Amino acid sequence: MSASIWRRPDGGASNDLAAFDALCAERAEATGFVRSVLGEALGRTIAAWERAAASSRAPHVLIAAGFHGEEAAGPWGVLEFLGSTPPDLLDRAHLVLLPLVNATGFAAGQRLNALGENPNRGYGAARGDDRPSAEGEVLLSHSARLAEAGRDGVLSCHEDRWLRHAYVYSFESGPPGAFSRSLVETAARWFAVAPDGEIDGCVVRDGLIHNHYDGSFEAWLSECGAAVAACIETPGEADFARRVQAQAALMRTFVEMRVAESALR
Ligand code: NI
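The sequence shown begins at 208 in this note's numbering and counts up by one.
Right, here's the structure in full:
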């Protein structure tokens with residue numbers, strides 16, 4: 208299969224791992240995030256970037272990207288989020304970012320890691336026969352830390368490579384609420400939303416696949432007690448720069464919604 212690589216607005220390639228790591232460190236440090244290393248998978252470091260809120264009562268939210276290497280707008284969207292989000296919003300949440308989980312897939316412009324494993328399967332009670340990937344083993348070894356980091360909300364940033372529509376996997380107890388719908392509303396400002404029907408065997412309604420437990424990272428953290436979780440899917444067939452902007456906008460909506468919800472408690 209050919210690699211999925213796009214030209215970035217600054218002229219670089221979407222799979223330039225060295226440029227990504229350098230820009231990530233620059234932007235995260237400039238906005239007050241502190242790096243820690245979760246572990247190594249296939250010779251690559253999986254890093255977490257953390258930023259404490261101004262108030263200890265602020266929500267704990269986790270944003271993770273780059274599980275699939277052909278979904279490059281997620282990781283680049285994290286950098287856009289860091290560069291464009293007002294500090295006073297960042298101050299209102301305890302934030303943990305995993306900007307790039309599957310570095311070998313990212314560098315190759317391929318969905319799976321260098322061993323051919325899927326880094327977004329093999330987690331939690333719904334994993335079935337799927338085994339964790341090398342990256343998954345690292346994340347699973349930090350289950351308590353990740354569950355705490357995402358206790359008030361988890362956002363996993365993906366793309367659907369061959370679609371022109373956006374959609375969202377949502378996890379909320381009961382029917383989809385304001386949290387899930389706000390993500391679809393934000394996506395709709397950038398792309399057409401997937402029509403009602405089926406995607407990958409799942410029922411899509413109003414742009415949402417709701418409470419689908421499939422052994423993914425986000426389904427696992429939902430099982431672990433995250434108040435809400437979502438997996439956003441921007442369309443891989445759309446313009447790359449627009450996808451990056453949309454990813455950042457969705458991350459901002461996610462944080463805003465969790466901050467607003469926590470203010471009601
Ligand atoms: Ni994906």
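Every residue, glycine too, gets a C-beta built ideally from N, C-alpha and C. Predicted model only: the values in this text are computed from it and were never measured.
Would you check if the region 263-281 and the region 307-324 touch, i.e. whether three or more CB-CB distances between them fall below 8 Å? yes
Nearest-angstrom Cβ-Cβ length linking TYR374 and GLY323, presumed shorter than 8 Å: On the sequence shown, position 167 is the one that residue 374 refers to. On the sequence shown, position 116 is the one that residue 323 refers to. That pair is no contact at about 26 Å.
Could you check whether the Cβ of GLU425 sits closer than 7 Å to any heavy atom belonging to the ligand NI? Position 218 of the sequence shown, counting from 1, holds the residue named residue 425. No, since every heavy atom of the ligand NI falls outside the 7 Å radius drawn around the Cβ of GLU425.
With DSSP collapsed to three states, give me the class of ARG215. Position 8 of the sequence shown, counted from the first residue, corresponds to residue 215. Coil.
Taking LEU390 as the reference, give the member of ALA254, SER363 and ALA225 with the closest Cα. Looking up residue 390 in the sequence shown gives position 183. When each option's Cα is compared against that of LEU390, the closest is SER363.
Would you kindly work out how many angstroms separate the C-alpha atoms of CYS431 and ALA261, rounded to a whole number? Numbered from its first residue, the sequence shown carries residue 431 at position 224. Numbered from its first residue, the sequence shown carries residue 261 at position 54. Looking at the two C-alpha atoms, the distance is approximately 26 Å.
Going by DSSP, what residue range makes up the beta strand (DSSP E) through LEU362? Here the question's residue 362 lines up with position 155 in the sequence shown. It spans 361-367 - the beta strand (DSSP E) in which LEU362 sits, taken as one unbroken run.
Compute the beta-carbon to beta-carbon distance between VAL361 and ALA248, rounded to the nearest angstrom, for a pair I have assumed lies under 8 Å. Locating residue 361 in the sequence shown gives position 154, where the first residue counts as 1. Locating residue 248 in the sequence shown gives position 41, where the first residue counts as 1. Not a contact, Cβ separation roughly 20 Å.
Give the range of the alpha helix (DSSP H) segment to which GLY284 is assigned. In the sequence shown, residue 284 corresponds to position 77, counting from 1. Looking at the DSSP string, the run of the alpha helix (DSSP H) that includes GLY284 is 280-291.
beta-carbon GLU278 near the ligand ZN non-hydrogen atom, thresh 7 Å: Summarising the ligand content, the structure contains the ligand NI and does not contain the ligand ZN.
Supposed close pair PHE378, SER429 - CB separation, criterion 8 Å: The sequence position of residue 378 within the sequence shown is 171, counting from 1. The sequence position of residue 429 within the sequence shown is 222, counting from 1. Going by Cβ atoms, the distance from PHE378 to SER429 rounds to 4 Å, so yes, they are a contact pair.
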